[in-house]
Structure formats: C-alpha cells, structure tokens
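Residues in the sequence shown are numbered consecutively from 1, following the UniProt record's numbering.
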Amino acid sequence: MKSILELIEQKNQEYAKLPFFEYMKDESIDPRQRLAFAPVIAPLALEFSELCKRVLREEPTTNYIQEMVNLHTHEEHFHWQWLLEDMEKMGIDYPMRFSDAVRFLWSDHTKVSRSMFPIFERYTRGADPIIRLVAIEVSEVTANVFFRSTMSAALQLQEMTQTEFRYFGMRHNHIENTHTLHTPSSLQIMKEIEVPEEIRQQALELIDVAFVYFTDLINEFLVYIKTHSYQEPFSKVYEPERSLTSA
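Here it is in structure tokens:
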C-alpha cells in the first residue's frame, strides 16, 4: 500500500497548485467573496455523508481494514451540519421557493458537486475494503488542502462577526488533520497492507478518476466565485427554463 499512498500524495501536490487555492490566499479580497461558493459545496457535503453511511460503512465486520473504514465514516458523516451553520453566519441562508432551491441544486453550477456519490459509489459499493480505504484517503488529502485554503477567510470572518465558523475554519481543519486514520499507528498499518495486483489496478484507476473529480470540483467553485457576488449569491443560479406546456 505504501506505493499507492505515495502516488496519492504526488497527485495531491499537483492538486494543491490549482488557481482556486491561489485565489483563496489573497486576503485583499473580501473573505465573504472568497467563500461565496459555499452554496455549491452543499450537494457534495451531503453526498459524502450518504456515501459514508450507505456505501463505505459495513457493519459488523471482522476485516481490520473495513474496521478502519467504518471508524472513519463515523467521524466524518456529520460535517455537513457545520456548513449550514457557516452559511447562516455568512448571511447567505436566504429563504427561497422550493422550486428555486431545486433549480439551484440541479443547475449547471452544481453539476460536479452533486456527482460525487455516483462516481465514488461506482468504485466502492461491494468493493474490497482496500478500495474503500483508497477512496477515503484521496478524499482526506484533498480535503486537507481545501480546508487549509478556506481557513484564512474564515478567520477574517470570525474577527468581523465575533462568531466561530466551524466548517470553513480551524475546527474543521483540526478535525481533518486528527482523524484516527491519520494517527502514526494507523498510517503505519496502511503502509504495510499487502495489495493484490488486481486490487492495485482497481485502486490506480480510482485514484485517477477521483483526482479528476476533485480538480473539476475546485474549478467549479472558482467559476462560481468569479461570476457570483456574495451579496447576491443566487442572482444568476439558473436560467429560466422553457415550460413543458409552452408552445
């Protein structure tokens, strides 16, 4: 497994160079604008919770690798609640008609964000626990890069509002870096896992697909930030669609 983890880290270093992360470093930009993509990440946050509960977790189990996966899913599945808190504190938790909310959630703006579950389910449902562990590891290392990048804006907002931003701020960043899966003992266990060649090839394919997904996701966030103001984050979220009953 050691070589697989090294490949993940190599790809993660390239991922960390994406333009979105450079944008997030610019403290001259209003922190609310840097986090204006918050509505777009909502489908992903909820889908990852579902993936943990419905696909990655398998209880009971006697497989020690699956036990590691199960423990991680219990540590992860509730984080979406912090996102909703942060959006409310940012002042972008606007009331809207149910039909408008549906249009946003299924708009082109969230096309990548809402694709997380089907993409990862395809590779992990019923898969060997090693594959599930690889899926989690890619998700974790990319999340670490992401939440390090949002922490600056979140801290600025905390100073402005005198309230904690748990999803985009230090709380989430700390949690991501202290998961049981990333303790020294767990990392050593992961490195020593023997991976059969067939499983290795499946893992390599998943790694490639997963990094393409997370790259597309981050680019989707950047497009939204560049085209939507935090003051009116939903002003252009969908184009009026032609009625099915119209001529």
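All residues carry an ideal CB built from backbone N, CA and C; glycine is no exception.
- Distance check between C52 and each of Q231, T163, M116 places M116 closest, using alpha-carbon atoms only.
- E194 and I131 have their C-alpha atoms some 12 Å from each other.
- DSSP places K89 in the helix class (H, G or I) of the three-state scheme.
- The beta-carbon separation of F165 and K89, rounded to 6 Å, stays under the 8 Å limit for a contact.
- The beta carbon of S149 sits closer than 8 Å to the beta carbons of F20, F21, M24, K25 from its chain, once the five residues preceding and following it are set aside; these are given in chain order.
- Here Q231 is exposed. Its C-beta has fewer than 16 other C-beta atoms within 10 Å.
- Membership of K191 in the alpha helix (DSSP H) is indicated by the continuous run 184-191.
- For W80, the secondary structure class from DSSP, reduced to helix, strand or coil, is helix.
- When rounded, the separation of the alpha-carbon atoms in T227 and I92 is 16 Å.
- Take the alpha-carbon of F48 and the one of H77: they are about 7 Å apart.
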